[in-house]
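Reading through the structure tokens given below for one structure.
2 protein chains.
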Amino acid sequence: MNTTEFQVTGMTCGHCEMSVREEVEEVPGVESVEVSHQDGTLVVTGAEPVDETAVISAVQEAGYQAVRSA
Amino acid sequence: MNTTEFQVTGMTCGHCEMSVREEVEEVPGVESVEVSHQDGTLVVTGAEPVDETAVISAVQEAGYQAVRSA
């Protein structure tokens, strides 16, 4: 499994987490999504490495900004 | 028209506002709902005075706490 972590800014509550989760789960190859508004983290797992740009775009669709964690 | 104002605690974003709105709109007699997470306000309008207890319960259903404004 390949895990990729992102920092997401702007999430304030569980509703925000749900919005991000719903969009990111639609990205091809994504098998699981963990998201925390408290930590501002998004962890995406798939059998293959995920398309980071697609994940970032999905987060933007939900109304937030993401960057790949260093 | 009768307008009743409440203070709502716990809302952090537009998703929270939407959750409150959806529940409060279901209260019988409610014709319009204005809600602001920034101000923590909920303004409910109806032809007759609204049932304040029903509004407060609806807010609780959404996951927040409301009190009638003084």
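Residue numbers (my numbering), protein chains in the order written: chain A, 503 to 572; chain B, 503 to 572.
Here a beta-carbon is modelled for each residue, glycine too, at the ideal position from N, C-alpha and C.
Exposed or buried, what is residue i when buried is set at 16 or more other beta-carbons lying within 10 Å of its beta-carbon?
i, result
"A560/B", "buried"
"S521/B", "buried"
"E525/B", "buried"
"E528/A", "exposed"
So which residues of chain B does residue i contact, with C-beta pairs closer than 7 Å?
i, result
"T514/A", "T514 and C515"
List, in order along the chain, the chain B residues whose C-beta lies closer than 9 Å to that of residue i?
i, result
"S521/A", "H517"
Thinking C-alpha only, which one of the options is nearest residue i?
i, options, result
"A568/B", "S534/B, G512/B and V529/B", "G512/B"
"T506/A", "Q562/A, V552/A and I558/A", "V552/A"
"G542/B", "F508/B, I558/B and A556/B", "F508/B"
"R523/B", "T555/B, L544/B and M503/B", "L544/B"
"E563/B", "T514/B, S538/B, A572/B and C518/B", "C518/B"
For residue i and residue j, what's the separation of their Cα atoms in angstroms?
i, j, result
"G565/B", "E533/B", "22 Å"
"T547/B", "T547/A", "47 Å"
"E554/B", "T555/A", "48 Å"
"G531/B", "A549/B", "7 Å"
"C515/A", "V510/B", "16 Å"
"S538/A", "R570/A", "15 Å"
"I558/A", "A572/B", "45 Å"
"N504/A", "Q540/A", "24 Å"
"E536/B", "E536/A", "33 Å"
If I follow the unbroken beta strand (DSSP E) through residue i, where does it start and stop?
i, result
"G548/B", "T543 to G548"
"S534/A", "S534 to S538"
"V510/A", "N504 to T511"
"A568/B", "Q567 to R570"
Ends of the alpha helix (DSSP H) at residue i?
i, result
"G516/B", "G516 to V526"
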